[in-house]
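Each residue of the sequence shown is one higher than the one before, starting from 128 at the first, in the numbering used here. Ideal placement from N, C-alpha and C gives every residue a C-beta, glycine not left out. It should be emphasised that the depicted structure is a prediction, and the values quoted were computed from it without experimental measurement. Working notes, beginning with the structure itself.
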Amino acid sequence: MEKNTSWKRVGGWYKGLVGGKGHYYHQKIIMPGVLRIIKSGKVADLGCGTGILGRYLKDNVYLGVDLAKNLIEEAKRLDGNPKHKYIIGDITKKLEIGSDFNWVAVILSLQNVKRPFGVVENAKRLLAKNGKLLIVINHPAFRIPKHADWITRDNKQFRVVDGYMSHLEIPIDSSPFDQKNNQTSWSYHYPLSAYSEMLEDNGFLIEKIEEWVSDKVSTGGAAKMENQSRREIPMFMMLVACQR
Numbered sequence: 128m129e130k131n132t133s134w135k136r137v138g139g140w141y142k143g144l145v146g147g148k149g150h151y152y153h154q155k156i157i158m159p160g161v162l163r164i165i166k167s168g169k170v171a172d173l174g175c176g177t178g179i180l181g182r183y184l185k186d187n188v189y190l191g192v193d194l195a196k197n198l199i200e201e202a203k204r205l206d207g208n209p210k211h212k213y214i215i216g217d218i219t220k221k222l223e224i225g226s227d228f229n230w231v232a233v234i235l236s237l238q239n240v241k242r243p244f245g246v247v248e249n250a251k252r253l254l255a256k257n258g259k260l261l262i263v264i265n266h267p268a269f270r271i272p273k274h275a276d277w278i279t280r281d282n283k284q285f286r287v288v289d290g291y292m293s294h295l296e297i298p299i300d301s302s303p304f305d306q307k308n309n310q311t312s313w314s315y316h317y318p319l320s321a322y323s324e325m326l327e328d329n330g331f332l333i334e335k336i337e338e339w340v341s342d343k344v345s346t347g348g349a350a351k352m353e354n355q356s357r358r359e360i361p362m363f364m365m366l367v368a369c370q371r
């Protein structure tokens with residue numbers, strides 16, 4: 128039997144993790160970066176979760192789509208904007224929600240679906256002429272769950288990665304030290320070349336890539352080393368793709 132890869136089962140854990148405005152990196156890194164790019168236009172948010180992006184896009188016509196009913200219910204509860212709508216839908220399968228969006232955004236959700244190609248296909252169908260696709264993912268070269276870590280040698284920190292070129296299906300535990308209440312979701316890793324291929328196969332050209340680092344600052348004896356590592360090793364990658 129095929130396992131259930133939906134985030135519906137971990138919806139409660141996820142709501143607690145991100146809160147109303149998103150977690151720290153949503154607030155400090157991701158949303159400021161996205162809002163520099165998406166300034167106007169009609170937006171479809173695929174894998175919207177609790178609608179964090181929607182609550183930052185107060186002036187945009189916005190549609191959030193997610194398969195998890197409990198997350199959509201939370202999004203509706205938190206967002207009373209009359210320009211905004213939330214629906215339950217599988218973003219990996221054909222969505223019949225129009226084709227007049229100026230932007231399709233996929234924020235930290237493409238890495239959580241088993242068929243990312245289907246999401247990119249939907250983006251192609253949903254976009255109006257000259258519309259663009261914006262994707263934010265954990266940086267695939269440096270942040271592979273359970274396959275990337277820090278090591279320290281000679282007073283320097285190094286990022287060690289394995290399995291980069293592999294297509295990986297990685298279990299993520301919501302409560303790894305509490306097996307009674309633990310729920311498992313799934314994360315999927317692909318190398319950057321796989322994302323490029325998905326986009327090219329659907330008629331997209333990569334217009335922009337940005338790599339976003341953490342803004343946190345360490346104190347104490349290891350601060351210089353740790354802060355240097357943060358400046359050099361990005362946490363997130365943002366891609367903007369336009370239609371050929």
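Asked                                                                                                                                             : Found
Going by C-alpha distance, which of 260, 351 and 266 is nearest residue 329?                                                                      : 260
Which class does residue 365 belong to by DSSP, given the choice of helix, strand or coil?                                                        : strand
Should the segment 182-191 be called in touch with the segment 208-225, which here means at least 3 C-beta pairs below 8 Å?                       : yes
Where does residue 350 fall in DSSP's three states?                                                                                               : helix
Whose CA, out of 349, 313 and 358, lies closest to the CA of residue 281?                                                                         : 349
Among residues of its own chain, excluding the 5 on either side of residue 157, which ones have a beta-carbon nearer than 8 Å to its beta-carbon? : 149, 234, 235, 263, 339 and 363
Is the distance from the Cβ of residue 195 to the Cβ of residue 181 below 8 Å?                                                                    : no
Within this structure, are the beta carbons of residue 177 and residue 162 separated by less than 8 Å?                                            : no
Quick check on residue 156: does DSSP put it in helix, strand or coil?                                                                            : helix
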